[in-house]
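Step one of this worksheet: look at the structure below.
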Amino acid sequence: MVLLLGTLPASHQAALPASALPASLPDSPLLDSLLRADARLLPVVSQASAYELQVIYIQIDRDNQNQPHFTQHSFHVNPRQYFNPASLVKLPTAALALEKLHQLNIPGLTRNAAMSTGTAFRCQTAAPFVSSPDSDRINSVGNYIKRMLLVSDNQAYNRLYEFVGQRPLNERLWQLGYPEARIVRRFAPCDTAANRHTNPISFKNAAGQIIYQQPPATNHQSLGFPLGRITKGRAYQTGGHIVTKPYDFTTANYLPLETVTTMLKAILFPEAVSAANRFQLTAADYGFLRQYLRYTPHASGYTPYRSAQYFDAYKKYLYYGRQRTATNEPGIHIYNVVGLSHGYVADVAYITDKTQAVEFMLSAVLYVNKDGVLNDGVYEYDSIGYPFLAALGQHIYRFELKRPRNVPEKESQQELPEDKSRKMR
186 MVLLLGTLPA SHQAALPASA LPASLPDSPL LDSLLRADAR LLPVVSQASA
236 YELQVIYIQI DRDNQNQPHF TQHSFHVNPR QYFNPASLVK LPTAALALEK
286 LHQLNIPGLT RNAAMSTGTA FRCQTAAPFV SSPDSDRINS VGNYIKRMLL
336 VSDNQAYNRL YEFVGQRPLN ERLWQLGYPE ARIVRRFAPC DTAANRHTNP
386 ISFKNAAGQI IYQQPPATNH QSLGFPLGRI TKGRAYQTGG HIVTKPYDFT
436 TANYLPLETV TTMLKAILFP EAVSAANRFQ LTAADYGFLR QYLRYTPHAS
486 GYTPYRSAQY FDAYKKYLYY GRQRTATNEP GIHIYNVVGL SHGYVADVAY
536 ITDKTQAVEF MLSAVLYVNK DGVLNDGVYE YDSIGYPFLA ALGQHIYRFE
586 LKRPRNVPEK ESQQELPEDK SRKMR
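For my numbering, add 185 to where a residue sits in the sequence shown, where the first one is 1.
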């Protein structure tokens with residue numbers, strides 16, 4: 186039996202206690218050795234605890250039928266070590282928004298249907314219907330997903346968080362095998378109660394007729410917080426003033442590194458997870474998500490991101506380090522989602538180079554906040570975070586170039602199917 190959004194049995198709706206969280210993973214000798222073999226990585230790796238470093242490296246080997254097999258290597262991976270997932274939560278939110286469209290099963294209600302978001306509670310913002318000859322300018326589930334995956338747009342995430350709903354979103358993730366996940370906040374200065382309230386939403390079909398209206402909804406019961414009280418730092422800034430006490434993350438979003446890595450794997454390689462743990466998506470949905478996980482802002486041809494503000498490496502931290510001047514290397518494709526907030530910088534990626542028969546998954550997060558003050562905008566992203574992730578991606582890629590592997594005769598089959606309905610401009 187497939188349970189749909191918001192229909193999780195009552196026995197599974199209780200908060201997951203901290204004691205039920207998975208234990209930390211043992212460190213892989215191979216990954217430990219690799220991390221210490223590059224001088225660019227040593228300043229962070231040698232102080233891994235101070236930087237709260239976690240790394241997952243997944244080798245992918247193909248059999249003679251071209252089926253992928255995965256071998257995971259971990260370094261300091263611990264689901265009980267909280268880090269702020271920031272935009273990593275956009276990946277499951279995008280997938281569940283597409284799931285919900287199928288669940289509603291209303292003629293004309295597709296990812297391209299025009300969408301209007303109203304207001305019904307404090308801290309809510311409106312996003313009206315947009316009429317435009319440029320389909321990229323229309324507010325729709327599809328365009329919100331593009332904005333989330335291409336440049337990590339926060340308002341786009343808010344719209345889909347509101348569409349799916351706080352409780353249905355989390356209950357569906359629990360049902361899919363992610364009971365530790367908590368996605369309970371917009372990216373906006375809303376309090377905990379306001380985040381439980383979601384907006385009224387309407388959709389129009391191509392003829393301009395209203396085909397679905399979703400009333401405002403409220404989650405009346407706390408989803409709980411598995412790690413209990415979580416504080417970080419020595420101070421934080423608010424309203425232009427420094428408060429000299431730790432910042433409280435207790436009611437923030439929570440998504441461990443291994444969890445979001447598995448989610449990316451489930452979208453790129455759905456056959457690699459059990460049927461019960463797969464998102465209920467069509468082949469076109471999977472292709473659509475893969476396409477925009479891989480594209481850079483300019484390569485996508487998406488109208489709003491043609492300007493120089495959105496450079497190729499805008500959302501590619503691993504390997505390119507978000508360098509404005511970085512040029513994409515021929516053959517290398519990176520399907521990824523990133524997180525950047527409160528001094529935490531994370532990237533969860535699948536990196537492939539068909540020309541070299543290389544493919545692997547790589548995920549990492551580190552904390553770069555030397556002064557211990559949160560929300561002051563003073564973090565070492567440029568001097569430590571991005572350079573470390575760039576060096577990490579490059580180092581593992583070079584190791585993969587030399588690693589013996591079975592290469593199926595039909596190498597072209599290693600390309601992930603994508604949605605080719607939109608031609609490149």
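Yeah, the Cβ is synthetic: ideal placement off N, Cα and C, and Gly gets one too. As the structure is a computational prediction, the values presented were derived from the model and not from experiment.
Between Tyr-529 and Phe-268, the C-beta spacing is below 9 Å.
If you keep only unbroken beta strand (DSSP E) runs of at least 3 residues inside the region 273–342, you get 299–302.
Residues Ala-200, Gln-351, Arg-352, Asn-355, Arg-367 and Val-369 of the same chain have their beta carbon placed closer than 8 Å to that of Leu-408, with the five preceding and five following residues left out of the count.
Taking the C-beta atoms as reference points, Ala-451 is found nearer than 9 Å to Asn-462. With a cut-off of 8 Å on Cβ pairs, the region 319–327 is in contact with the region 483–496, counting three or more such pairs. The beta carbon of Gln-541 is closer than 7 Å to those of Gly-516 and Leu-586 in its chain, skipping five residues each way along the sequence. Take the alpha-carbon of Val-523 and the one of Pro-292: they are about 34 Å apart. Distance from the CA atom of Val-229 to the CA atom of Tyr-535, rounded to whole angstroms, is 23 Å. Around the C-beta of Thr-429, fewer than 16 other C-beta atoms lie within 10 Å, and the residue is accordingly described as exposed. For Gly-524, no alpha helix (DSSP H) encloses it; the enclosing beta strand (DSSP E) starts and ends at 517–526. Only buried fits Ala-312, as 16 or more other CB atoms lie within 10 angstroms of its CB. Cβ contact annotation for Leu-226 (same chain, cutoff 7 Å, sequence separation greater than five): Leu-220, Phe-573, Ala-576, Leu-577 and His-580, in chain order. The beta carbon of Cys-308 sits closer than 6 Å to the beta carbons of Cys-375 and Ala-379 from its chain, once the five residues preceding and following it are set aside; these are given in chain order. Across the structure, Tyr-363 and Asp-212 are spaced so that their CA atoms are roughly 22 Å apart.
By the Cβ criterion, the region 238–253 is not in contact with the region 498–518, since fewer than three pairs of Cβ atoms, one from each stretch, lie closer than 8 Å. Beta-bridge partners assigned by DSSP to His-426: Thr-423. Taking each of Thr-377, Ser-231 and Gly-327 in turn and checking the Cα distance to Thr-403, the smallest one comes out for Thr-377. Straight across, the Cα-Cα distance linking Pro-318 with Pro-455 is about 36 Å. If you compare the alpha carbons of Asp-538, Arg-381, Ala-279 and Leu-466 with that of Gln-340, the shortest gap goes to Ala-279. Sequence-distant partners of Met-448 (beyond 5 residues in either direction) whose C-beta falls short of 7 Å from its own C-beta, in its chain, are Leu-276 and Pro-277. When Leu-525, His-518 and Gln-494 are compared, the shortest CA-CA separation from Thr-510 is found for Gln-494. Collapsing the DSSP output to three states places Val-230 in a helix. About 11 Å separates the beta carbon of Glu-237 from that of Leu-442, a gap too long to meet the 8 Å contact definition. Apart from sequence neighbours up to five positions away, the residues of its chain that approach Asn-591 with a beta-carbon distance below 8 Å are Asp-246, Arg-247, Asp-248 and Asn-249, ordered along the chain.
In the DSSP assignment, Lys-417 forms a beta bridge with Tyr-432.
In chain order, Val-530, Leu-551 and Val-553 place their CB closer than 7 Å to the CB of Gly-570, counting only its own chain and leaving out the 5 sequence neighbours on each side. In this model, Ile-427 and Thr-481 are separated by some 37 Å (Cα to Cα). In the DSSP assignment, Pro-253 falls outside any alpha helix (DSSP H) and within the unbroken beta strand (DSSP E) covering 253–260. When the five nearest sequence neighbours on each side are left out, the beta carbons in the same chain lying within less than 6 Å of the beta carbon of Gly-303 are those of Ala-311, Asn-384 and Pro-385, in order along the chain.
According to the DSSP secondary-structure assignment, Ile-386 is paired through a beta bridge with Thr-302 and Gln-399.
Annotation: Leu-335 to Gly-327 spans about 12 Å, alpha carbon to alpha carbon. DSSP places Asp-470 inside the alpha helix (DSSP H), whose first and last residues are 468–479. Counting along the chain, the unbroken beta strand (DSSP E) around Tyr-535 starts and ends at 529–538. The alpha-carbon separation between Val-543 and Thr-537 amounts to approximately 5 Å. Rounded to the nearest whole angstrom, the C-alpha separation of Ser-568 and Gln-508 is 12 Å. For Ser-485, the CB contacts under 6 Å within the same chain, skipping 5 residues up- and downstream, are Leu-335 in chain order.
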